[in-house]
Amino acid sequence: MISDLWPNILIPTASAVGVIFALILWKRVANIKVAGGSVVSSQNGRSYLLEEEQRGDDEIVQKAADIQEAISEGSNSFLFTEYKYLGVFMVGTINSYNILLSNPCAHHAVSLCPI
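Under this note's numbering, the sequence shown is numbered contiguously, ending at residue 124.
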């Protein structure tokens with residue numbers, strides 16, 4: 010049988026390892042710079058698939074920045090909505106438990122019983 014000490018050590022340790030791993034990945038992603046790269050030209054035998062590929066580096070960087078901004082705005086909007094629903098759910102659940110557990114028992118007036 011596992012003593013009470015092991016879960017008290019294992020759970021916080023696993024949480025700390027997860028947070029450290031998330032911070033390492035965040036740092037790696039934050040170090041990625043969105044900057045102009047080389048543009049494949051049709052002079053070396055390759056044809057462009059999109060009209061935008063023929064533009065200059067500055068326009069490509071601007072287009073990538075616009076896409077990145079749109080993705081960021083959409084993800085923030087999604088997370089805000091999700092957290093709003095989660096908050097309503099949590100408050101509703103807590104209120105439900107309080108209502109269910111605050112009724113006096115019929116067989117024992119001092120105790121509280123669920124409905």
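Even glycine gets a Cβ: it sits at the ideal position worked out from N, Cα and C.
Bear in mind that the values here come from a model prediction, so they are computed numbers and not experimental data.
Leaving aside the five residues that flank T102 on each side, none in its chain has a CB nearer than 7 angstroms to its CB.
When secondary structure is reduced to three states using DSSP, K42 falls in the coil class, being assigned neither helix nor strand.
For D75, the secondary structure class from DSSP, reduced to helix, strand or coil, is helix.
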